[in-house]
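Per our numbering, the very first residue in the sequence shown carries number 1; after that it's consecutive.
For each residue, glycine too, the CB sits at the ideal point set by N, CA and C.
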Amino acid sequence: MADAAAALGRVRIAITDHSKTLRITNGMDEARLIAQGERIAARNARASRPLILKSIEMDLTPDGTGDMDPLTLAGLDLVLGAFHSKLRLRDDQTERYFHGLENPDIHVLAHPRDRVYNFRVGLSCDWEKVVRHAVESGTALEIDAYPDRQDLDVDRLRIVAAEGAWVSIRTDAHTPSELAFLEIGVAATTLAGSHAIACSICFPRAISPTTSV
């Protein structure tokens, strides 16, 4: 993946494997995450481009609790939080989003709606309130640019633009060719009014926002 990112001219790439609760995806526990971080550090020492960020997509319970040790997460460059359970509920989930955004260990709330085309509609909430809460917590909302997701979508990104929230564009690539999906996320910000959206492009608050990836 790093070599493919370099070929595309990307200067940074984040490796965001799932955390341990998602056993179906062979999710990472703390020991494996630390070992992966050591391999990433060794790779970064050998090659300057792209810089590989030590990262994870951590599972969040509906009450916003993560499944990884905070001390281990503190050693990462980027922590995504994501809901992976109870995704077909039809009642309002605004409080659930509040809990997730208040988790102190995450930088980005990943694929916030949790929709997948022709498979799952996604969660419902008061998006204006959720976006304002993201602004207050300093947590970025993700544009998952994978074609089957496109989450957040353009309509909700217009709310993000109006409220001035941070947004993070991620390809959700599982193969090197899928790194090209970044353009889908960039196009969504343009349609929504990119002048009003701050694009962190997969970087946490501690890293200066940039569109050079």
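- In this structure residue 13 is in contact with residue 5, their Cβ atoms being roughly 4 Å apart against a cut-off of 8 Å.
- For residue 181, no alpha helix (DSSP H) run applies, since DSSP gives it neither H nor E.
- Non-local C-beta neighbours of residue 63 in its own chain, meaning closer than 6 Å and more than five positions away in sequence, comprise 99, ordered along the chain.
- By the neighbour-count criterion, in which 16 or more other beta carbons inside 10 Å mark a residue as buried, residue 118 falls on the exposed side.
- Taking C-beta atoms under 8 Å as the contact rule, residue 67 and residue 59 qualify, at a distance of about 5 Å.
- Apart from sequence neighbours up to five positions away, the residues of its chain that approach residue 52 with a beta-carbon distance below 7 Å are 2, 13, 15, 40, 43 and 44, ordered along the chain.
- Residues 145, 146, 147, 171, 172 and 173 of the same chain have their beta carbon placed closer than 8 Å to that of residue 181, with the five preceding and five following residues left out of the count.
- DSSP places residue 18 within a strand segment (E or B) once states are collapsed to three.
- For the 8 Å CB-CB criterion, residue 73 and residue 108 do not form a contact.
- Between residue 159 and residue 121, the gap from beta carbon to beta carbon reaches 8 Å or more.
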